[in-house]
Amino acid sequence: MTDAIKFDRKPYTIAYTDQDGKQQSIRRIPPPKLHSAMPTDKVELTKKLNDDFQEGDELTVKAINPRHANVLKVENSKGQMAFISHYDMKLKDKLAPRGENGEITPEQFPERNQYLLWP
114 MTDAIKFDRK PYTIAYTDQD GKQQSIRRIP PPKLHSAMPT DKVELTKKLN DDFQEGDELT
174 VKAINPRHAN VLKVENSKGQ MAFISHYDMK LKDKLAPRGE NGEITPEQFP ERNQYLLWP
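Under our numbering, think of the first position of the sequence shown as 114, with each following residue one higher.
Now the structure itself:
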């Protein structure tokens, strides 16, 4: 049985060395996903980001990091990429295939399984 692509809130630990050279660690819990956009969906920018990303531009969602599910990596028509908050976008077209629960299964989104392909 295959698992669907999930944005779970499983805690994880970050380890780092502070200014005094001591090893520190922080336990973090990812926030819940607050939007319904998925990779390959089309979104509209509702706030000007810069000269290349104007309000009203239609963008393609390229990736969503499960640990930062409310920040989307998007691409404009010129091939330029940027990170935007879910507050600054509006979902236009749901192009990504979705299962019964609205989640994508690995079979429906084969780009996530490229590492499994034979060279």
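For every residue, glycine included, the Cβ atom is placed at its ideal position computed from N, Cα and C. Computed from a predicted structure; not experimentally measured.
Taking one beta carbon from each stretch, the region 124-136 and the region 156-171 have fewer than 3 pairs nearer than 8 angstroms; the two do not touch.
If you look at Y129, you'll find it in the beta strand (DSSP E) that goes 125-130. Inter-segment contact for the region 119-127 and the region 136-153 is present: three or more beta-carbon pairs are separated by less than 8 angstroms. R141: member of the beta strand (DSSP E) spanning 136-141, first to last residue.
A distance of 7 angstroms or more separates the beta carbons of E157 and K207. Fully enclosed beta strand (DSSP E) runs of no fewer than 3 residues occupy 155-158 of the region 138-168, in order along the chain. Counting along the chain, no beta strand (DSSP E) covers S190, and no H or E run does either. Contact check for K160 against D121 fails: the beta carbons are separated by 7 angstroms or more.
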